[in-house]
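Going by the numbering used here, the first residue of the sequence shown is number 12, and it counts up by one from there.
Report on one structure; see the data block that follows.
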Amino acid sequence: MANYYEILQVESTASAAEIEAAWETLYNRWRHLVTHHDPRVAEEANRALRTLEQVRRTLTDQAKRAEYDASLNLGGLADPQALLQAVAPPPPPRQLEGAATAPQAATAWVCTACHTPNATGLLYCASCGRQIGRECPRCSKVIAVTAPYCSHCGADVQAALDEKQAARLRELQAKVAQEAAAIDLLRRASRLSFFASPWSEEQKLRGQLWRSSSSYRAAWVFGLSWVVVVLALAFADMVLSFVTAVAGVVVILFWTSAATTSAAESRIDVHQARISQLQDEIKRLQAGG
Ligand SMILES: [Zn+2]
Ligand SMILES: [Zn+2]
């Protein structure tokens, strides 16, 4: 059975200043819950604020407070509404990260634009389409867009978002560095010295570059054609040498033959001249005898 003093958690003999301070602390705790996305919490907060107003009006007025104190002493209660449990200190709005007592999932998410309660887990208001849910940056479950803490894993949404963004930034920067390293390697490969090690990374890349270039196939065709031409020339040369050799032999044979015939004929002429002389002598001898 909570009376006004119990609600404020002060002694019934508390000074006006003490009452004021206790009241303000409690009031401020409830005030921001009026806009809570869970309509039950919001309703509870509204009820608590109404009760606190009543408490303030009663306890800050000297006459009213005296009257109220008197009613307490009679064992009665001036205001049955003061029994409302709602005025117990509200649950702490903030939860430690990963705490076992993560905030309970709300039963409905109220749209901040049109105030329509939507089923939890929706990304957009069924009535006006405004975004009411978003993915928790840590556990990826859908939480109310207004929730500062994830109702599933308890993550501080803003901190987790910052962390995620920072991680993405690092990832992107690492990728940029990777690309720059690739460019560097390409530059080194393209300027590689003729005497560089054939097993170096640059040399391997050079091979890849060469095989992927548009000249690679043409070079093969050119190389093979060249070999064919060289072989053809060598063969033609061989044939020419043979023909030349044979021709030489033939010329020598003809030449020899002609010279021999000519020499024989001139000797035959000499012998025939002698025969003519001898026959003349024979005729002279026969005529004179
Ligand atoms: Zn809406
Ligand atoms: Zn989460």
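The C-beta atom is built at its ideal place from N, Cα and C for all residues, glycine as well.
Just to confirm, does residue 124 get its C-beta within under 7 Å of one of the non-hydrogen atoms of ligand 1?
The answer is yes for residue 124.
Just mark residue 293 as buried or exposed, buried being the case when its beta carbon has 16 or more other beta carbons within 10 Å.
Looking at its Cβ environment, which holds fewer than 16 other Cβ atoms inside 10 Å, residue 293 is exposed.
By the 10 Å Cβ neighbour count, where 16 or more other Cβ atoms means buried, how is residue 302 classified, buried or exposed?
Residue numbering for the chain in the displayed model covers 12 to 300; residue 302 lies beyond these limits and cannot be assessed.
Between which two residues does the alpha helix (DSSP H) carrying residue 257 extend?
Residue 257 -> alpha helix (DSSP H) spans 226-299.
Taking contact to mean 3 or more Cβ pairs, one atom from each stretch, closer than 8 Å, check whether the segment 12-20 and the segment 57-67 are in contact.
Judged by Cβ distances under 8 Å, the segment 12-20 makes contact with the segment 57-67, as three or more pairs qualify.
Taking the straight line between their C-alpha atoms, what separation do you get for residue 243 and residue 216?
Taking the straight line joining both Cα atoms gives about 37 Å.
For residue 48, is the classification buried or exposed, using 16 other Cβ atoms within 10 angstroms of its Cβ as the cut-off for buried?
Residue 48 should be labelled buried.
Does DSSP put residue 57 in a helix, a strand or coil?
Residue 57: helix per DSSP, three-state reduction.
Is any heavy atom in ligand 1 found nearer than 7 Å to the beta carbon of residue 150?
Incorrect: residue 150 has no Cβ contact closer than 7 Å to ligand 1.
Can the beta-carbon of residue 143 be found closer than 8 Å to that of residue 155?
Contact: yes.
As a quick exercise: from 214, 151 and 83, pick the residue whose alpha carbon is nearest that of residue 205.
Nearest C-alpha to residue 205: 214.
Excluding the 5 residues flanking residue 91 on each side, which residues of the same chain have their C-beta closer than 8 Å to its C-beta?
In this predicted model, residue 91 has a pLDDT of only 44, less than 50, meaning its place in the structure is not dependable; the value taken from the coordinates is given anyway. If we look at residue 91 and ignore the five residues flanking it on each side, it has no Cβ neighbours.
Tell me the DSSP bridge mates of residue 84?
According to DSSP, residue 84 bridges with nothing at all.
With DSSP run on the structure shown, which of helix, strand or coil describes residue 143?
Looking at residue 143 - three-state DSSP - the assignment turns out to be coil, as it is neither helix nor strand.
Is any heavy atom in ligand 2 found nearer than 7 Å to the beta carbon of residue 147?
Yes, the Cβ of residue 147 comes within 7 Å of a heavy atom of ligand 2.
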